[in-house]
Amino acid sequence: MGQTRLVAALLLFGAALFAASPFVIDAAPYESTMGLIQRIFYYHVPAAIVMFASAFVCGIASAIYLANRSPRADRVAIAAAELVVLFGIIVLVTGPLWARKAWGVWWEWGDVRLVTSLVLWLIFVAYMMLRRFAGPGSDVLAAAVGVFGMANVPFVYWSVNVWRTLHPKTTVVRTLAPEMLIPFYWCFAAFVCLYIALLLLRVRLEKSRNELEAVYAEIED
Amino acid sequence: MKKWIAAIVLCVLVVIAPLAAQPPPPAATDEFIPMSEFSDREVLPATPLVFYAYGFAWVALMSYLWMTWRRIEQVDKDLQAVKKRLP
Amino acid sequence: MTPGFFRTAWIVARKDLVVEARSRELVYTTVFFAVAVVLIFSFSFVVDAKPLTDAAAGILWVALAFSGTLALGRTFERERQSETLKALLLAPVDRSALYLGKLIGMLAIMSMVVAVVVPLVVVLFRVSLDGVFWHLLALLVTGGLGFAGVGTLFGAMLNRSQSRDVLLPVVLYPLTVPVMIAGVSGTAALLTAEPNLPRAEVWLSMLVLFDAVFLTLALWVFDAVMAE
Chain S
0 MGQTRLVAAL LLFGAALFAA SPFVIDAAPY ESTMGLIQRI FYYHVPAAIV
50 MFASAFVCGI ASAIYLANRS PRADRVAIAA AELVVLFGII VLVTGPLWAR
100 KAWGVWWEWG DVRLVTSLVL WLIFVAYMML RRFAGPGSDV LAAAVGVFGM
150 ANVPFVYWSV NVWRTLHPKT TVVRTLAPEM LIPFYWCFAA FVCLYIALLL
200 LRVRLEKSRN ELEAVYAEIE D
Chain X
0 MKKWIAAIVL CVLVVIAPLA AQPPPPAATD EFIPMSEFSD REVLPATPLV
50 FYAYGFAWVA LMSYLWMTWR RIEQVDKDLQ AVKKRLP
Chain W
0 MTPGFFRTAW IVARKDLVVE ARSRELVYTT VFFAVAVVLI FSFSFVVDAK
50 PLTDAAAGIL WVALAFSGTL ALGRTFERER QSETLKALLL APVDRSALYL
100 GKLIGMLAIM SMVVAVVVPL VVVLFRVSLD GVFWHLLALL VTGGLGFAGV
150 GTLFGAMLNR SQSRDVLLPV VLYPLTVPVM IAGVSGTAAL LTAEPNLPRA
200 EVWLSMLVLF DAVFLTLALW VFDAVMAE
């Protein structure tokens, strides 16, 4: 039950940080060239960081699973993959909302991080589809996708980066002034707490599901 | 039951927050956004976009949390029922 | 690696090539599918009866990707029908050698497709291969190796799964995005009026690195996955 307390604590803490974040963000100075729309970054960037981190977690867990078929690794892998999809959706919605105001377009192929996020998101959507629809053996199959997906991140980033230099577009300098670091870290902390809590929760769900399947299998014998 | 109460409290906290955080000062926006050739940048108000972005993030996270919680409860219930059937 | 690693791979590949040489079913259908893809895209991208030269590189690689996916599905379909994959896996050989053998078979089919589609694109889009032939060939070989390398692994793994026909592209296309970007960009740099060889070489080096990393990964994963 200790874990339940940890999850509940993380959730409450994260949610509280989250709920308070608009106030903290409001107190931050406006960014001189972009104004209000820049506020989206306080959610967009931490979500992106958490998304990439989760992809890494899934990749490593998948590799462990392929190496020794540990059920725990499998649970962590599927939980992390689902969270890549969740945080990915947040990144891919907040990004265009920002871009619409800042650049006048919904999607900018020259934005390397956004395009890389899209490809990574697609890879892990494929992971979830495999687990759902591929039938027996899908756990191993998906683990291979997880490993390949993680290994692919630097290649995708590099190739999109070199590719877009053919279409020079003024890149937005997304550096934060020191006064803006406080709301940024605040939101970052909120996202990380929520991520860990959701990950633990999802792993717990998977564990219960596995237990249920095991009991069903016992009954059938 | 306790889990439901906690969930509802969280949702209330999260829903009240953006309502309380409004309104952001619109005058400041007019002052800081520079002139540019993209007319959309002047004409398109930033406030709704920011609101949609924040709102979407909250809705997504809270929905996922709620869905996962519900699935856990369902599976636990099934587990209890099945365990009773075992000798 | 057991001493018979490459020999095993060659035996597997030769079996596929012999079967294919007799019926030629896979090669004919895949090549004609690629031609059909090129034609459909040509009609989409030719404006006022003037072919868009810029579109040539993209269309070439899309045709390769689509026909490659089809060939992958069909190759393993054959194995499943005669349950030969199971028999192969039961044999006391290094499993990764099976992967390599299957890969060689796939590359043979794809070379046939390339041999037909590249001249077709050159003719339809009025591009010239003067001075860029070897660079183009290198791009096609490395890109094809990367695409087929990842595809053969997942094609084999999906062999026993449900919904395998649609799941293979769902998995393969996002994972081979770097190959497509590099292939198309490199080819586009070559097929212009003034070919940019250094630029193509940059993309070529990325493809070589991609192939090295992912073929190694595939060999490792194939062994780990087929351990059942």
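Just so you know, the sequences run in chain order S, X and W. Residue 146 in numbering that gives the first Met the number 0 sits at position 147 of the first sequence, and the numbers go up by one each step. Residue 59 in numbering that gives the first Met the number 0 sits at position 60 of the second sequence, and the numbers go up by one each step. Residue 144 in numbering that gives the first Met the number 0 sits at position 145 of the third sequence, and the numbers go up by one each step. We put the beta carbon where it would ideally sit given N, CA and C, even for glycine.
Leaving out the 5 sequence neighbours to the left and right, which residues in its chain are closer than 6 Å to residue 217 of chain W when beta-carbon positions are compared?
148, 152
Contact set between residue 201 of chain W and chain S, taken where Cβ atoms lie within less than 8 Å
161
Could you tell me whether the Cβ of residue 32 of chain X comes closer than 8 Å to any Cβ of chain S?
Because residue 32 of chain X sits at a pLDDT of 45, beneath the cut-off of 50, its placement in the model cannot be relied upon, and the following sentence gives the value as read from the coordinates. Yes, residue 32 of chain X lies at the interface with chain S (some Cβ there is under 8 Å from its Cβ).
Relative to the C-alpha of residue 40 of chain W, which candidate in W/26, W/60, W/25, W/29 has its C-alpha closest?
W/60
Using the DSSP secondary-structure output, state which residues sit across from residue 46 of chain W in a beta bridge.
W/49
Under the three-state reduction of DSSP, which class applies to residue 201 of chain S: helix, strand or coil?
helix
Between the Cα of residue 148 of chain S and those of S/203, S/61, S/218, S/19, spot the shortest distance and give me the residue it belongs to.
S/61
Can you tell me the Cα-Cα spacing of residue 78 of chain S and residue 99 of chain W, whole angstroms?
33 Å
Would you mind reading off the limits of the alpha helix (DSSP H) that contains residue 138 of chain S?
137–163
With 16 as the cutoff for other CB atoms within 10 Å, does residue 150 of chain W come out buried or exposed?
buried
Would you mind telling me which residues of chain X sit closer than 8 Å to residue 274 of chain S, beta carbon to beta carbon, in chain order?
Nothing about residue 274 of chain S can be read from this structure; chain S reaches only from 0 to 220.
Beta-carbon separation of residue 7 of chain W and residue 92 of chain W under 8 Å?
yes
Got a sec? Which residues, its chain only, sit under 8 Å from residue 50 of chain W by beta carbon, not counting five neighbours each side?
41, 44, 123, 124, 125
Less than 8 Å between the C-beta atoms of residue 65 of chain S and residue 143 of chain S, yes or no?
yes
Would residue 93 of chain S count as contacting chain X if we go by Cβ distances under 8 Å?
yes
Touching or not, the segment 197–210 of chain W and the segment 170–186 of chain W, by the rule of three or more beta carbon pairs under 8 Å?
yes
According to DSSP, simplified to helix, strand and coil, what is residue 79 of chain X?
helix
Given a limit of 9 Å on CB to CB distance, which residues of the segment 204–217 of chain W reach chain S?
205, 208, 209, 212, 213, 216, 217
Assign residue 15 of chain W to buried or exposed, taking buried as 16 or more other Cβ atoms, counted over all protein chains shown, within 10 Å of its Cβ.
buried
Helix, strand or coil for residue 120 of chain S per DSSP?
helix
Thinking C-alpha only, which one of W/208, W/132, W/168 is nearest residue 194 of chain W?
W/132
Reduced DSSP secondary structure (H/G/I, E/B, other) of residue 128 of chain S
helix
Cutoff 8 Å: residue 128 of chain S Cβ touching any chain W Cβ:
yes
Taking only runs of the alpha helix (DSSP H) that begin and end inside the segment 41–112 of chain S, which ones reach a length of at least 4 residues, in chain order?
70–101
Which residue from S/209, S/112, S/217 puts its Cα closest to that of residue 74 of chain S?
S/209
Could you please give the first and the last residue of the uninterrupted alpha helix (DSSP H) stretch that includes residue 110 of chain W?
94–124
Just the C-alpha distance for residue 23 of chain X and residue 95 of chain S, rounded to the nearest angstrom, thanks.
Caution is warranted here: a pLDDT of 42 is assigned to residue 23 of chain X, below 50, making its placement in the model unreliable, and the coordinate value is therefore given only provisionally. Distance between the alpha carbons of residue 23 of chain X and residue 95 of chain S: 21 Å.
8 Å Cβ shell around residue 106 of chain S - same chain, five flanking residues per side excluded:
95, 98, 113
To the nearest angstrom, how far is the alpha carbon of residue 188 of chain W from that of residue 176 of chain W?
18 Å
Can you list the residues of chain X that residue 203 of chain S reaches, using a CB-CB cut of under 7 Å?
71
I'd like to know if residue 108 of chain S contacts chain W, where contact means its C-beta is closer than 8 Å to some C-beta of that chain.
no
Reducing DSSP to helix, strand and coil, say where residue 195 of chain W ends up.
coil
Which residue comes first and which comes last in the alpha helix (DSSP H) that contains residue 13 of chain W?
4–22
Exposed or buried, what is residue 38 of chain S when buried is set at 16 or more other beta-carbons lying within 10 Å of its beta-carbon?
buried
Taking residue 150 of chain S as the reference, give the member of S/88, S/123, S/220 with the closest Cα.
S/123
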